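Numbers given in the numbering used here equal positions in the sequence shown, counted from 1, plus 113. All residues carry an ideal CB built from backbone N, CA and C; glycine is no exception. Predicted model only: the values in this text are computed from it and were never measured.
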Amino acid sequence: MSDDLAHCKAELRRLKAEIRRYEREPDRASGKLLLLVAQNALKDLIKHMRGQQASIKNKRSRSTKANQVANAYSQLNQFRKTNKG
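Listed below in structure tokens is the structure:
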């Protein structure tokens, strides 16, 4: 996962640098086409990164819920033990 994050960050920097370079040369027809390609690649990368972020958020949410259930069960057992006698 951290490898994917590092790869995405590197790709993001590369694409942003490419876009800036192509924006400085707006007169070249090939530059305009390459700019559009780079912008689309950037959109795809951002979409991928957001999907990964949502996946991580979902995993954390499930983990938090599991912890809450475990804590509630522990508290219930503790309550039962103290009220037995």
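Taking just the CA atoms, how far does residue j sit from residue i?
{"i": "residue 158", "j": "residue 174", "result": "24 Å"}
{"i": "residue 197", "j": "residue 169", "result": "42 Å"}
{"i": "residue 141", "j": "residue 148", "result": "10 Å"}
{"i": "residue 184", "j": "residue 166", "result": "27 Å"}
{"i": "residue 127", "j": "residue 191", "result": "56 Å"}
{"i": "residue 163", "j": "residue 145", "result": "27 Å"}
{"i": "residue 177", "j": "residue 117", "result": "24 Å"}
{"i": "residue 179", "j": "residue 172", "result": "11 Å"}
Which whole-angstrom value describes the C-beta separation of residue i and residue j, a residue pair presumed to lie in contact below a C-beta threshold of 8 Å?
{"i": "residue 119", "j": "residue 132", "result": "Between residue 132 and residue 119 the Cβ distance is about 21 Å, and since that is not below 8 Å, they are no contact."}
Judging by CA-CA distance, which residue of the options is the nearest neighbour of residue i?
{"i": "residue 155", "options": "138, 130, 145", "result": "130"}
{"i": "residue 124", "options": "187, 161, 189", "result": "161"}
- Task: Note down, one range per segment and in chain order, each beta strand (DSSP E) of at least 3 residues found wholly within the region 115 to 144.
- Result: none
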